[in-house]
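For the protein sequence lines, the chains are A and B, in the order given.
Heads up: take any position in the first sequence, counting from 1, add 15, and you land on our numbering.
Heads up: take any position in the second sequence, counting from 1, add 651, and you land on our numbering.
C-beta: ideal position from N, C-alpha, C; glycine also.
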Amino acid sequence: VPSGDRDKRDIIDDRVQWYLMQYGYLPASDMETGNLRTERQLREAIKTMQRFGHIPMTGELDAATRRLLRTPRCSLPDVMPGEGNDFRIRVRR
Amino acid sequence: FVKQGKKWDKLNLTWGVRRYPTKMRDSTGDPEHMYRWEIQREFRLATEVWGRVSRLEFTELESKPEEADIIIDFNTGYHGDGYPFDGQGRTLAHAFYPGHGIGGDMHFDDDEPWVQHQDSDNTWERVSLFITAAHELGHALGLYHSDVEGSLMSPYLIRFPSSFRLPQDDVRGIQELYGVDEKYKEDPWPSTSTTTTTTTPRPAATPRPPPRPPKSDKPDTCNTEYDAISVIRREIYIFKGKYFWRVDAQGNLLPNYPAKINRFWSKLPKNLTHIDAVYERMTDGKIVFFIGNKYYVCRGNQELLKVGRLKNLGLPATLKKIDAAFVWGYNGRTYLFAETMYWRFDEAIQHVELDYPRAMDMWRGVPYNIDSAFKHNGTTYFFQGKMFWEFDDFRMRVKPKSPALSAPFWLGC
């Protein structure tokens, strides 16, 4: 992920990527196949995580998001892998 | 809400706490810890959360929890599945979706500061066992995480008032799975701080599925599971009990098979009853057999080079056996599988790689507790019972046409 002049705290390092994979926000299979991700994929993954955490969906590793990363949680993934999701029944307000 | 895809095919479920927290007030006397009966009550209340709004009924098996559908354990760190705990904070618990064996079981991190619901607070220093248990039970019933704000199935621990009421998103989810309880009215949930003494009748234990019958002697070629399977010197070797079949490179079953393993692989233990897993090493063509908690490295079928214990390879000392082993065509790495987890094995240092085991869920669509697996003509196959799954390496999921019966495809039945 090109760092550029972005705020150093916003670099999506390996630990954050591991977290995103562990909870299904990035294809966990990347851990095995070693596929690299694009910046856009990473930002989208962070936005989805922010949606589950009910904080502003900035796509950035801002303070609220860093707090979310430390919030105690269930160890099962949040996003069902692939198109297997049965979103038909997910109620959206 | 999201349905995970699995559900129980019955409405009366049994549950029981098999392994309690190491620190309980009964023995420590410390008011920071909970009494055994308080722990049981938090779980009982959690079952009532879901039972009250649906047609589900829950029965506690207090004396024989190991026979329950939903077995509850408090563990720390690595505890025999692909979801190791991480000390206080971060991950609190996990559960397995409905099914036999480990399906439905719930594991709680024993390093967390568990308290009764009314004693939990906003600092995470005191985590509500009731709320966490009710959440994990949602998984054990077939619900996935929900992104609806305030839902119980939200992945992040949120605070609920002491007079807990199941949020509507969760009510709709469980009713979609198990139907509505006619008696259910949308009224406030009795506060969890009221002492509800529900004397759950001690039911006749529901037997768990009988263990697979011991491996019989000469197997029926067209009606059996496979203990292990591998390509060795371009032929397919399929092992079952004390016997094995050979299929040549053109896919023909060689005559006079199944033959006795000991007759051909004469250096393996004379008293072997079956092989658990086998693979042909990419690096040097040696053949590695796994039998119980040992492995045997053979050069061809007449020379035994090495015998060792699984733990010497970096596998858990408690691991009794490997279910399957193969070299994955996608990256040429060696993978070992057992129960709900798998490891990647570094042939160069003869040790499993760090940050393994991982959960089998990575191989999407492949069941837990597989019997065997191998790569053939560039395709990966997993076997369980009399069925096999063809795996799509690029999409990391089983192919839509799977599973299929093994015997017709592999042994020409």
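Since residue i contacts residue j with CB under 8 Å, what's their CB separation in whole angstroms?
i	j	result
Leu904(B)	Leu1062(B)	6 Å
Gly983(B)	Thr1031(B)	That belief does not hold up - the Cβ atoms of Gly983(B) and Thr1031(B) are roughly 12 Å apart, past 8 Å.
Phe652(B)	Asp820(B)	5 Å
Leu828(B)	Lys654(B)	6 Å
Asp732(B)	Thr991(B)	5 Å
Lys1037(B)	Leu1056(B)	6 Å
Asn907(B)	Ala1058(B)	About 18 Å; that fails the 8 Å criterion.
What residues from chain C crowd round residue i, counting only those whose CB sits closer than 7 Å?
i	result
Pro87(A)	Although the question refers to chain C, the structure presented lacks it and instead comprises the protein chains A and B.
If you run the structure through DSSP and keep just helix, strand and coil, what is residue i?
i	result
Ile782(B)	helix
Phe1033(B)	strand
Met36(A)	helix
Val653(B)	coil
Ile889(B)	strand
Lys1026(B)	strand
Pro854(B)	Low local confidence applies: a pLDDT of 36 at Pro854(B) is under 50, so the model's placement there is unreliable, with the coordinate-based value given in what follows. In the structure shown, Pro854(B) sits in coil (DSSP, three-state: anything other than H, G, I, E or B).
Leu788(B)	helix
Tyr877(B)	coil
Thr847(B)	The predicted model places Thr847(B) with a pLDDT of 38, which falls under 50 and marks its position as unreliable; any figure quoted below should be read in that light. In the structure shown, Thr847(B) sits in coil (DSSP, three-state: anything other than H, G, I, E or B).
Tyr829(B)	helix
Phe709(B)	strand
Ile883(B)	strand
Asp997(B)	strand
Cys1064(B)	coil
Ala719(B)	coil
Ala60(A)	helix
Asp1012(B)	helix
Trp840(B)	Legend: pLDDT at Trp840(B) = 42, less than 50; position of this residue unreliable, no value from coordinates given.
Arg1046(B)	coil
Verify whether the separation of the beta carbon atoms of residue i and residue j is less than 9 Å.
i	j	result
Asp93(A)	Thr73(A)	no
Ile721(B)	Thr665(B)	yes
Asp878(B)	Asp1022(B)	yes
Gly702(B)	Phe709(B)	yes
Leu83(A)	Gly68(A)	yes
His790(B)	Phe759(B)	no
Glu683(B)	Pro764(B)	yes
Leu808(B)	Cys89(A)	yes
Val898(B)	Val704(B)	no
Pro967(B)	Tyr729(B)	yes
Phe736(B)	Thr673(B)	no
Val978(B)	Glu931(B)	yes
Phe1060(B)	Ala1024(B)	no
Trp994(B)	Met1047(B)	no
Glu833(B)	Phe1034(B)	no
Gln120(A)	Arg52(A)	Because chain A in this structure spans residues 16 to 108, residue 120(A) falls outside the shown range and cannot be described.
His1002(B)	Leu970(B)	no
Gly943(B)	Lys918(B)	no
Leu780(B)	Ile926(B)	no
Val948(B)	Leu956(B)	yes
Tyr40(A)	Ile61(A)	yes
Lys661(B)	Gly754(B)	no
Under 8 Å: does the beta carbon of residue i sit that close to some heavy atom of the ligand HEM?
i	result
Tyr946(B)	Judged by which ligands are present, the structure shown has none, so any question about the ligand HEM falls away.
Starting from the N-terminal side, write out each stretch of the beta strand (DSSP E) that is 3 residues or longer and does not extend beyond the segment 907-991 of chain B. The qualifying runs are 928-931, 938-942, 945-950, 954-960, 975-978 and 985-989.
Residues within the segment 22-53 of chain A neighbouring chain B, beta-carbon criterion of under 8 Å: Residues of the segment 22-53 of chain A whose Cβ lies closer than 8 Å to any Cβ of chain B, in chain order: Tyr38, Pro42, Ala43, Ser44, Met46, Glu47, Thr48 and Gly49.
Taking the runs of the beta strand (DSSP E) that are 3 residues or longer, which of them lie wholly in the segment 661-705 of chain B? List check, beta strand (DSSP E) in window: 663-670.
Taking only beta carbons into account, state which residues of the segment 869-884 of chain B come closer than 8 Å to chain A, listed in chain order. Answer set for the segment 869-884 of chain B: empty.
According to a CB-to-CB cut-off of less than 9 Å, which residues of the segment 781-798 of chain B neighbour chain A? Residues passing the 9 Å Cβ filter: Thr783, His786, Glu787, His790, Tyr795, His796, Ser797 and Asp798.
Runs of alpha helix (DSSP H) wholly within the segment 724-773 of chain B (minimum 4 residues, chain order): Listed in chain order, nothing qualifies, since the segment 724-773 of chain B has no complete alpha helix (DSSP H) run of 4 or more residues.
Using a Cβ-Cβ cutoff of 7 Å, what residues of the segment 52-66 of chain A are near chain B? List them in chain order. The segment 52-66 of chain A vs chain B, Cβ under 7 Å: Arg66.
To be precise: take each residue of the segment 1005-1035 of chain B, compare its Cβ to all Cβ atoms of chain A, and keep it if any distance is under 8 Å. Which residues remain? Of all residues in the segment 1005-1035 of chain B, the ones placed with a Cβ closer than 8 Å to any Cβ belonging to chain A are Arg1009, Asp1012, Met1013 and Arg1015, in chain order.
Can you list, in chain order, the residues of the segment 981-999 of chain B whose Cβ is nearer than 9 Å to any Cβ on chain A? Within the segment 981-999 of chain B, the qualifying residues are Tyr981, Asn982, Arg984, Tyr986 and Arg995.
According to a CB-to-CB cut-off of less than 7 Å, which residues of the segment 1037-1049 of chain B neighbour chain A? Within the segment 1037-1049 of chain B, the residues whose Cβ lies closer than 7 Å to some Cβ of chain A are Met1047 and Arg1048, listed in chain order.
Members of the segment 895-927 of chain B that neighbour chain A once the beta carbon cut-off is set at 9 Å: Listed by position along the chain: nothing, the set is empty.
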